[in-house]
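Number of protein chains: 2
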Amino acid sequence: MGTVGKALDLLDLFTRQRAQVGLSEMARLSGLNKATCHRLLTEMESRGLVEQIGPAREYRLGPAVLRLAALRETAVPTRDAAMPVLQALARATGETAHLSLREGDKLVTIAFAYAPTHATKVMMEDADILPWHATSSGQAVLAFLPDTEVTALLARPLRRLTEVTETDPTRLRLRLKDVRARGCAETAGTFESDAQSVAVPLFLNGDSAVGALGVAVPVNRMTPDRQTLIRRELTVAATEIIDLWGGQVPPAVTALWQRLT
Amino acid sequence: MGTVGKALDLLDLFTRQRAQVGLSEMARLSGLNKATCHRLLTEMESRGLVEQIGPAREYRLGPAVLRLAALRETAVPTRDAAMPVLQALARATGETAHLSLREGDKLVTIAFAYAPTHATKVMMEDADILPWHATSSGQAVLAFLPDTEVTALLARPLRRLTEVTETDPTRLRLRLKDVRARGCAETAGTFESDAQSVAVPLFLNGDSAVGALGVAVPVNRMTPDRQTLIRRELTVAATEIIDLWGGQVPPAVTALWQRLT
DNA sequence: TGTTGATGGTTCATTATTTGAACCGTTGGT
DNA sequence: ACCAACGGTTCAAATAATGAACCATCAACA
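Chains as they are written, first to last, in the working numbering: chain A, 42 to 302; chain B, 42 to 302.
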């Protein structure tokens, strides 16, 4: 791996739980030498990608990422375009809607919307990384990815997040086959034990999924009727978003979605 | 300059006017060898910082910047925290309000808000890079920066953007002295000939400005009364934003702002 | 149909940069 | 006064970056 890759990998060490990291810890987390780490960080700091703060001189993500994100959004209004649809979806279903995109081997939540209706709802956060095997969004994407990619993404051991998380690759693949046949993934308590969710894949051009649109519901509120409603609304919203992105729903998927009950 | 710096500099070649760039053009713009450029880009692509699209295989900013920006905002709600204040400022003044942050040697607009009042207004865009010498925001920041930094930032020749742009460093420094004495910068037609604007510096900790808050008005609508109103509203809004950021207005500046008419 | 000139991408010997153990100066706790 | 951890620096050795020349492909054009 090149130097640039190492530097960029350092950025992935920042998480919501660990928004700022000191030099030594950075070296420890990344496995790089402290001196190397320091050089990479100062180089990124000079470009504003990270910044150093406080008396402890800890590092955190810098303001440049805001500029880059704004630039990306004006060029490719992925998030901004989908936001209104996402809000409408949350309103129509009365539940939490969220949009995730694939970034290499990660599935990242880039937007979400709460419904004003209920006091209890499934909470979400931006920039959350979703596990492929334990979320409906993850499964929705996997089901519409070439087999070689699926294999690569499921190569690492599948963590058992709750009592009912499917951790057996073979059984998971059977599940994906089902998702592929229906055009829609559904999980209950596999990620967080009190949340249930439904998701559909999102496409741009071609038959390969680039992300997923999902709705999450507290388990105690889910009913068959509600589930049916959510499925319907999801397919409508997904079609709309793909259209806004200037993409196309694969005809095969459109057919599946029309047949969905 | 290290390899990482070169890679990150490539990101700055993306602008709103030029959202996607081919390999050869990238090499031309950056002055790097095509092979080098290619390696840096593919390395960044593997981390999602850029992506390649279309039959022409052009490069553009990737989805990872969205995730990083979201992460940065949850850690340091710079933009999100300021947004409501910015909107209130736009409403109160009836004009376009904008917030810019310093990123190394650049001044970047990271948020703006339009007033619903008028049909004509000064338009803005996210991720705009403002010239230090020709905008009130730029001057507001410069006026509250250590002299050594000012010298560095004004080292490059000052472009004459309109008829009345000040391009003489010595005269500009006199102007900055005035801004420093008043706590507020005002320009008319120095950036775009039909826009006039007022700006105040923003602080975090210490006496060094980190950005600026500005209001832009079409020249034909500006009156002394309006200008006074804008100054007042600006200082109030700036104080509020700095407070939301968990920073502190330097006492000397608070005093200036109270004395402003 | 062959020519030209542009594109994206690759190769590999040369070269310059990255690397990391050991170091320094500070800080905070005991 | 001591120790341990911190951020940061040094410099010879090791490694990765570099770039001229190279393909393959495409579009325009005669």
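Glycine included, each C-beta is placed from N, C-alpha and C at the ideal position.
query: In chain order, what residues of the same chain have a beta carbon less than 8 Å from the beta carbon of A:V62, not counting five sequence neighbours either side?; result: L54, F55, L70, E99, Y100 and R101
query: From A:R221, A:F232 and A:C225, pick the residue whose C-alpha is nearest to that of A:H174; which is it?; result: A:F232
query: Starting from B:Q299 and walking both ways along the beta strand (DSSP E), at which residues does that stretch end?; result: Counting along the chain, B:Q299 falls outside any beta strand (DSSP E), though it belongs to the alpha helix (DSSP H) covering P292 to R300.
query: Which residues, in chain order, does the segment 218-252 of chain B contribute to contact with chain A at a C-beta distance below 8 Å?; result: none
query: Check distances from the C-beta atoms of the segment 164-177 of chain A to those of chain B and list, in chain order, the residues that come in under 7 Å.; result: E166, D167 and A168
query: Suppose contacts are defined by Cβ-Cβ distances below 8 Å. Is A:T134 in contact with A:L270 by that definition?; result: yes
query: Could you give the residue range of the alpha helix (DSSP H) that holds A:P187?; result: Counting along the chain, A:P187 falls outside any alpha helix (DSSP H), and DSSP gives it neither H nor E.
query: What's the call for A:H159, buried or exposed, on a 16-neighbour Cβ count within 10 Å?; result: exposed
query: Sort out for me which residues DSSP pairs A:V149 with in a bridge.; result: A:L142 and A:I170
query: With a threshold of 8 Å, are at least 3 pairs of Cβ atoms found where one atom belongs to the segment 107-118 of chain B and the other to the segment 124-138 of chain A?; result: no
query: In angstroms with no decimal places, state the Cα-to-Cα distance between B:V149 and B:T176.; result: 12 Å
query: What would DSSP say about A:T158, mapped onto helix, strand or coil?; result: coil
query: Out of curiosity, what's the CA-to-CA distance linking A:A184 and B:L171?; result: 46 Å
query: With the cut-off set at 8 Å, would you say A:G252 and A:S141 are in Cβ contact?; result: yes
query: Is it buried or exposed for A:L215, if we count other Cβ within 10 angstroms and need 16 for buried?; result: exposed
query: Which of the residues in the segment 85-99 of chain A, read from start to end, lie with their CB under 7 Å from any CB of chain B?; result: M85, S87, R88, G89 and L90
query: Nearest-angstrom Cα distance between A:T280 and A:D219?; result: 21 Å
query: Just list the alpha helix (DSSP H) runs in the segment 89-142 of chain A, keeping only unbroken ones of 4 residues or longer that don't cross its boundaries, in chain order.; result: 105-116 and 119-134
query: In this structure, how does DSSP classify B:A60 when only helix, strand and coil are distinguished?; result: coil
query: Considering only their Cβ atoms, is the gap separating A:V256 from A:E136 smaller than 8 Å?; result: yes
query: Just to confirm, are B:T44 and A:V45 a CB contact at a threshold of 8 Å?; result: yes
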